[in-house]
Structures are given as C-alpha cells and as structure tokens.
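**Q** Counted the way our numbering counts, the sequence shown spans residues 3 to 209.
All C-beta atoms, glycine included, are put in the ideal place defined by N, C-alpha and C.
It should be emphasised that the depicted structure is a prediction, and the values quoted were computed from it without experimental measurement.
Encoded as structure tokens, here's the structure I'll be asking about.
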Amino acid sequence: MLEALDGLTVAALDRYEGTHYAEGAEAMLLFRLDAGGEASLKMAEQILNDDHAKNIKVTSDPKEAAAIIKLRQDMLPAVFANGQHIMEDMAVPLSKLPEMMDYIASVAQDLNVEIYTAGHAGDGNVHPTVIWPADEEEPPKEALQAIRLMFRKALALGGTISGEHAVGMSKNQWNNEELGFDVDEIQHQIKGLFDPLGILNPKRKID
Numbered sequence: 003m004l005e006a007l008d009g010l011t012v013a014a015l016d017r018y019e020g021t022h023y024a025e026g027a028e029a030m031l032l033f034r035l036d037a038g039g040e041a042s043l044k045m046a047e048q049i050l051n052d053d054h055a056k057n058i059k060v061t062s063d064p065k066e067a068a069a070i071i072k073l074r075q076d077m078l079p080a081v082f083a084n085g086q087h088i089m090e091d092m093a094v095p096l097s098k099l100p101e102m103m104d105y106i107a108s109v110a111q112d113l114n115v116e117i118y119t120a121g122h123a124g125d126g127n128v129h130p131t132v133i134w135p136a137d138e139e140e141p142p143k144e145a146l147q148a149i150r151l152m153f154r155k156a157l158a159l160g161g162t163i164s165g166e167h168a169v170g171m172s173k174n175q176w177n178n179e180e181l182g183f184d185v186d187e188i189q190h191q192i193k194g195l196f197d198p199l200g201i202l203n204p205k206r207k208i209d
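Have a look at this one:
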C-alpha cells in the first residue's frame, strides 16, 4: 500500500474520524511495508526525513498500524459525505504523478470546484473526486469541465483516462482521443466477431 492524499482529503478524514492529521499538512502519504524488522522501518523513516516530510509516524505496533490502515479504508466514505460526487480514475506515468496532482489542484482553484484527490503513489493511478452540493442532483457545468481538463492532462502526460475502473458508458467517447480512430475501428471489428448482434454489454466502451 502506497497512497498519496491531498489536503482536502486529509481534512475530510479528520472530520470523519475525529483526528487532527490535517493541521499544518498539505498532503499525506500512507504506506505499508511487507518487509519486517526494525531495519526496514528505520530505512523508511530516513527516506521520509531526507525528503523533508513532516509529522512522520512509523510503527510496528499492530494497533497503531490498524488505525493508520483504517484511514485508507475510510477515505471514500469520508470524501463522499461532502455531497454529490463523481470519482474518476485516470493514471499517469509514475514520474508524472506529482505534476498531475498539482494540476488537479489548479483546476479546482481556477473553476472554483471542490476536488478531493488521492493517488496510488506506487503505480500512478489518480482518483480525483469532484464534489457538488447534496441538494443538486446534476453536476454543475464547472464540474464536468474540470473532468474534461483532467482527462486531457492525463493523456498529455502519456497516461490514460482509466487506470482501474474501466471506460464503461461515461467515458467511451474518449476512446478515440486516447487510442486513435484506427485502434477504435479494430476494437469494433473484434467485438463484431464475438458479438454480431451487439447484445453483450452494449454501449460500454465500444458502442
């Protein structure tokens, strides 16, 4: 486990859990080591110190570790409690993850949209969750614009519009932009061989 959380997400966890991690923090990195022993813990702590991390908590105590893992488990309900939401899952090359997360923050500020961002820091997968008021059923146009901008940025960085959750119905119009018309046509031909009547999972990814 290696998770990067932005400040808004950490603050949401604080409200949900009654903790105080967000005080003076702009982000949080959660990780778990499978390698055991004090030497591994000291190495991890040294790496964090070398990169000027603050409020470092390293533990081998099962109860303390469980409390930290619980933050990861409760992240989604903590964020979703803030209103209606759309959670995306674009992915970028690992070296571009900081740039992507910074870009998401700038989009949120420019469009005045609330975006809570968490990323799988070990593989470059980013989960920005766009939030809008609970009493508004449809997302505002600014929220949809933010999503479009984030997709385009992920593609510009050599990434993908979906790292985990698949394309489905909501993102199938982005296939051509990511893969190109030639690849899209080949995918249609392959699907046509196995599903000539178009009855298998229709309108998802390949429409």
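Is Leu261 near Leu50, with beta carbons less than 9 Å apart?
**A** An answer regarding residue 261 cannot be provided, because it is not within the stretch 3 to 209 covered by the chain.
**Q** Kindly indicate the opening and closing residues of the beta strand (DSSP E) around Met89.
**A** Element bounds for Met89: 86-89.
**Q** In angstroms with no decimal places, state the Cα-to-Cα distance between Met103 and Val128.
**A** 8 Å
**Q** For chain C, find out if any of its Cβ atoms is closer than 9 Å to the Cβ of Lys59; answer yes or no.
**A** Although the question refers to chain C, the structure presented lacks it and comprises just one protein chain.
**Q** Mind listing, in chain order, the continuous beta strand (DSSP E) runs of no fewer than 3 residues lying wholly within the segment 33-113?
**A** 86-89
**Q** In the DSSP assignment, find the alpha helix (DSSP H) that holds Leu146 and state where it starts and stops.
**A** 143-158
**Q** From this set, Gly160, Ala110, Glu139, Val109, which residue's C-alpha is nearest Gly126's C-alpha?
**A** Gly160
**Q** By a C-beta neighbour count over all protein chains shown, 10 Å radius and 16 as the cutoff for buried, is Asp8 buried or exposed?
**A** buried
**Q** Apart from the five residues on each side of it in sequence, which residues of its chain come closer than 8 Å, Cβ to Cβ, to Gln86?
**A** When the five nearest sequence neighbours on each side are left out, the beta carbons in the same chain lying within less than 8 Å of the beta carbon of Gln86 are those of Ile133, Trp134, Pro135, Ala136, Glu138, Glu139, Pro141, in order along the chain.
**Q** Between the segment 154-173 and the segment 183-197, are three or more C-beta pairs nearer than 8 Å?
**A** no
**Q** What is the DSSP secondary structure of Leu199, counted as helix, strand or coil?
**A** Here Leu199 carries a coil assignment [DSSP, helix/strand/coil].
**Q** Secondary structure at Glu116, three-state DSSP: helix, strand or coil?
**A** Strand, per DSSP.
**Q** Considering Asn178, what are the terminal residues of the beta strand (DSSP E) in which it resides?
**A** Here Asn178 belongs to no beta strand (DSSP E); instead the alpha helix (DSSP H) covers 177-181.
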